[in-house]
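For the record, in the sequence shown the residue sitting at position 301 is 519 according to the working numbering, with numbers rising by one throughout. Cβ atoms here follow ideal geometry from the backbone N, Cα and C, with glycine treated the same way. The structure appears below as structure tokens.
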Amino acid sequence: MAKVLVFIDNPGAAVKKSYLELLTLARSLGESAVALNGELSDGVAAAFAEYGVSTVVRPSAQDLDDFLVAPKAAYVAAAAETTGAGIVLLDNSPEGKEIAARVAIRLNAGVITDAIAVDADGTAHKSVLAGSYNTSCKATTSVSVVTVKANNITAEPATAPSTPETVTVEVPAAAAAARITAREQKVASGRPDLTDARIVVAGGRGLDGDFGPVEELADALGAAVGASRAATDAGWISHDAQVGQTGKTVSPQLYISAGISGAIQQKAGMQTSKVIVAVNKDAESPVFEIADFGIIGDVFDVLPQATEEIKKRKG
Ligand SMILES: Cc1cc2nc3c(=O)[nH]c(=O)nc-3n(C[C@H](O)[C@H](O)[C@H](O)COP(=O)(O)OP(=O)(O)OC[C@H]3O[C@@H](n4cnc5c(N)ncnc54)[C@H](O)[C@@H]3O)c2cc1C
């Protein structure tokens with residue numbers, strides 16, 4: 219039976235959905251352990267039991283967040299050695315990928331990023347070239363380190379809860395080389411995180427500087443707001459919202475593309491979305507080649523009507 223380690227970084231009071239997806243995947247592959255950084259609150263401990271985790275590893279040092287990722291990677295590598303994990307799973311965030319690469323170096327392991335599924339033998343599946351090919355790949359080493367995209371696995375608790383044992387591992391002091399000297403919290407939008415969101419409403423150059431209709435539809439749906447690079451470069455919305463090759467990769471259940479032409483670099487970040495709805499006034503726009511539903515129309519007519527109808531049905 220494969221031993222699988224999941225890295226969970228600062229879950230706070232409750233384990234977020236993308237981590238629950240990793241725990242579900244880990245359990246489906248074999249015996250699952252967690253390398254936890256941060257507090258083990260009651261809610262987090264309950265989620266680990268509910269998702270069938272057999273071992274919760276904790277670091278000897280409690281100051282990993284005071285440094286850039288190197289100590290976290292050293293910790294995850296030590297946790298993998300302690301638990302005998304053959305597969306190490308991390309989230310697919312930029313930080314998750316950087317930690318994965320550093321863990322792989324420490325364990326002399328193969329690393330695979332952007333996976334959408336993993337088999338029990340460590341074979342990982344990816345959707346590549348803007349979603350036009352699916353590839354399977356497998357590390358040639360005894361340990362594989364895999365980062366998995368959110369929203370590709372359905373999070374499901376185990377049939378019976380587990381009673382995880384807790385183990386503490388030493389974190390090598392040498393890894394603590396670059397200290398964080400200041401932190402400034404950004405004002406929260408109240409919307410879900412773009413990479414985790416089940417629904418994304420994204421706007422492009424067709425919005426002509428006015429993201430109001432996109433934001434109103436997003437709020438009616440409880441969605442995150444995304445954007446094309448044309449929109450972020452124009453300064454209409456923050457660069458954090460950019461979806462695509464040089465922006466964020468999203469894979470929501472529903473992606474609503476509004477006033478976006480569907481360039482290959484935009485598709486690269488959203489083509490694995492389950493359902494794509496495109497609103498564009500040009501019937502020849504390439505976005506319609508990948509859309510499951512297409513509306514040929516003006517975003518300023520279509521989006522407010524959709525928002526109004528959704529609000530009516532909800533209320
Ligand atoms: C190396 C590189 C990396 C890149 N990375 C990214 C990336 O990460 N993400 C990204 O998005 N792009 C990226 N780009 C840019 C990409 O090539 C496109 O230029 C960009 O995606 C275009 O944005 P857009 O679709 O909003 O604008 P446009 O291509 O100008 O399309 C606007 C669309 O809006 C429609 N429209 C106009 N008015 C309305 C209206 N009133 N109602 C309805 N529809 C309307 C038009 O018909 C058109 O289809 C990258 C490019 C390069 C070279």
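- For a cut-off of 8 Å, the C-beta gap from residue 261 to residue 231 is around 5 Å, short enough to register as a contact.
- Ligand 1 has a heavy atom closer than 6 Å to the beta-carbon of residue 464.
- With a cut-off of 6 Å, the C-beta of residue 499 is classified as near ligand 1, since at least one heavy atom of the ligand falls inside that distance.
- Among the bridge pairs identified by DSSP, residue 460 is matched with 445.
- DSSP places residue 482 in the helix class (H, G or I) of the three-state scheme.
- Comparing alpha-carbon positions, the option among 315, 453, 292 lying closest to residue 425 turns out to be 453.
- For residue 249, the enclosing beta strand (DSSP E) begins and ends at 248-255.
- For residue 277, the enclosing beta strand (DSSP E) covers residues 273-277.
- A residue is called buried when at least 16 other Cβ atoms come within 10 angstroms of its Cβ; residue 312 does not meet this threshold and is exposed.
- For the pair residue 489 and residue 508, the CB atoms are nearer than the 7 Å cut-off.
- For the pair residue 396 and residue 286, the CB atoms are nearer than the 7 Å cut-off.
- The nearest non-hydrogen atom of ligand 1 is 6 Å or more from the C-beta of residue 321.
- Within the same chain, and ignoring the five residues on either side of residue 447 in sequence, the residues whose Cβ sits closer than 8 Å to its Cβ are 460, 462, 464, 465, 483, 484.
- Note on geometry: alpha-carbon atoms of residue 244 and residue 308 lie some 11 Å from one another.
- Between the alpha carbons of residue 383 and residue 274 lies a distance of about 6 Å.
- With fewer than 16 neighbouring CB atoms inside 10 Å of its own CB, residue 502 falls in the exposed class.
- With at least 16 other beta carbons inside 10 angstroms of its own, residue 364 counts as buried.
- Excluding sequence positions up to five before and after residue 341, its CB lies within less than 8 Å of the CB of 354, 355, 356, all in the same chain and listed in chain order.
- Along the length of the segment 351-429, whole beta strand (DSSP E) runs at least 3 residues long occupy 351-355, 362-366, 383-387, 417-421, reported in chain order.
- Inclusion of residue 352 and residue 469 in the CB contact set at 7 Å is not warranted, their separation being larger than that value.
- Within 10 angstroms of the beta-carbon of residue 404 lie fewer than 16 other beta-carbons, which makes it exposed.
- Of the heavy atoms belonging to ligand 1, none sits nearer than 6 Å to the Cβ of residue 456.
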